[in-house]
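Residue numbers (the numbering used here), protein chains in the order written: chain A, 2 to 112; chain B, 881 to 992. Just so you know, even glycine gets a beta-carbon here, dropped at the ideal spot from N, CA and C. Please read these numbers as outputs of a predicted model, since none were measured by experiment.
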Amino acid sequence: DTAVSQTPKYLVTQMGNDKSIKCEQNLGHDTMYWYKQDSKKFLKIMFSYNNKELIINETVPNRFSPKSPDKAHLNLHINSLELGDSAVYFCASSTLQGEQYFGPGTRLTVT
Amino acid sequence: SQQGEEDPQALSIQEGENATMNCSYKTSINNLQWYRQNSGRGLVHLILIRSNEREKHSGRLRVTLDTSKKSSSLLITASRAADTASYFCATNSGGSNYKLTFGKGTLLTVNP
Numbered sequence: 002d003t004a005v006s007q008t009p010k011y012l013v014t015q016m017g018n019d020k021s022i023k024c025e026q027n028l029g030h031d032t033m034y035w036y037k038q039d040s041k042k043f044l045k046i047m048f049s050y051n052n053k054e055l056i057i058n059e060t061v062p063n064r065f066s067p068k069s070p071d072k073a074h075l076n077l078h079i080n081s082l083e084l085g086d087s088a089v090y091f092c093a094s095s096t097l098q099g100e101q102y103f104g105p106g107t108r109l110t111v112t
Numbered sequence: 881s882q883q884g885e886e887d888p889q890a891l892s893i894q895e896g897e898n899a900t901m902n903c904s905y906k907t908s909i910n911n912l913q914w915y916r917q918n919s920g921r922g923l924v925h926l927i928l929i930r931s932n933e934r935e936k937h938s939g940r941l942r943v944t945l946d947t948s949k950k951s952s953s954l955l956i957t958a959s960r961a962a963d964t965a966s967y968f969c970a971t972n973s974g975g976s977n978y979k980l981t982f983g984k985g986t987l988l989t990v991n992p
């Protein structure tokens, strides 16, 4: 199936832990993104990579570090997790025209 | 910062009726896009309209764009229960094809 996939779907962890979320797209897109959707469904961009190069880095705590080993993968590592990091994190990739294709989301719960 | 604002925040209609959602934005744009999000799922791209376009159709969807008023509308005709979802507008501006700024969404409920 052609798609954007991300793992895990659910992540429950304690404050202070470090965790990673992985994302892969097989759509052949050059650009990938990480978004955070809060409990009110507000979707905010965090990072974007184009062909493994960081092009968007919004005001995100430096506990969040994206890594793109190749243009089909964009992972998100989060250090020292805090309660406020609880949200749904979406990975996406986009066509040259700018249409974005989203993964199914990772629901992160920090206790 | 938030760019798009959808209106209404929630809309409840009967199956077969038309649903209209509006989006207003603040700065000039390259394009405006509409996305659908079913509960617990990722966003699905519906339609993209460029700043030099005024109207676009895709199946039962009709999108209009008025750049002078900085607003867009999404019309879903002959709605179905399966159209129940949140609908978001997203704007692309600033000379880049990459960054989208999303609104807060309209929750559409279509009652069978």
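- So the beta strand (DSSP E) His74 of chain A belongs to, where does it begin and stop? His74 to Ile79
- Query: Between Ile929 of chain B and Leu954 of chain B, what straight-line distance do the alpha-carbon atoms span, to the nearest angstrom?
  - Reply: 11 Å
- Determine contact between the region 979-991 of chain B and the region 962-969 of chain B, defined as no fewer than three beta-carbon pairs at a distance below 8 Å. yes
- Per DSSP, the bridge partner or partners of Val5 of chain A: A:Gln26
- Could you tell me whether any Cβ in chain B is nearer than 8 Å to the Cβ of Gln26 of chain A? no
- Provide the residue(s) that pair with Lys935 of chain B in DSSP beta bridges, ordered along the chain. The residue you asked about is not Lys; residue 935 of chain B is Glu in the sequence shown. Paired residue(s): B:Thr944.
- Decide yes or no for the touch test of the region 40-58 of chain A against the region 4-15 of chain A: beta carbon pairs closer than 8 Å, at least 3 of them. no
- Task: Taking Tyr34 of chain A as the reference, give the member of A:Met47, A:Gly85, A:Asn80 and A:Gly106 with the closest Cα.
- Result: Distance from the Cα of Tyr34 of chain A is smallest, within the candidate group A:Met47, A:Gly85, A:Asn80 and A:Gly106, for A:Met47.
- Message: Under 7 Å: does the beta carbon of Thr32 of chain A sit that close to some heavy atom of the ligand PLP?
- Response: For the ligand PLP, the structure offers nothing, since it holds no ligand at all.
- Per DSSP, cross-strand counterpart(s) of Ala88 of chain A: A:Leu109
- In chain B, which residues lie with their C-beta within 8 Å of the C-beta of Asn51 of chain A? Tyr978
- Val924 of chain B: first and last residue of the uninterrupted beta strand (DSSP E) it sits in: Leu923 to Arg930
- chain A beta carbons: is any one of them nearer than 8 Å to that of His937 of chain B? no
- Message: Distance check for Lys45 of chain A and Gln882 of chain B, CA to CA, integer angstroms please.
- Response: Reliability fails at Gln882 of chain B, whose pLDDT of 49 lies under 50, so the model's placement of it is uncertain and the value that follows must be treated cautiously. Approximately 9 Å, taken between the alpha carbons.
- Query: Is it a yes or a no for the region 916-936 of chain B touching the region 888-907 of chain B, going by three-plus beta-carbon pairs under 8 Å?
  - Reply: no
- Message: Distance check for Leu28 of chain A and Ile956 of chain B, CA to CA, integer angstroms please.
- Response: A straight-line Cα-Cα distance of about 28 Å links Ile956 of chain B and Leu28 of chain A.
- Message: Distance check for Val924 of chain B and Tyr915 of chain B, CA to CA, integer angstroms please.
- Response: 5 Å
- Message: Would you say Lys984 of chain B lies against chain A (beta-carbon separation less than 8 Å)?
- Response: At least one C-beta of chain A is nearer than 8 Å to the C-beta of Lys984 of chain B.
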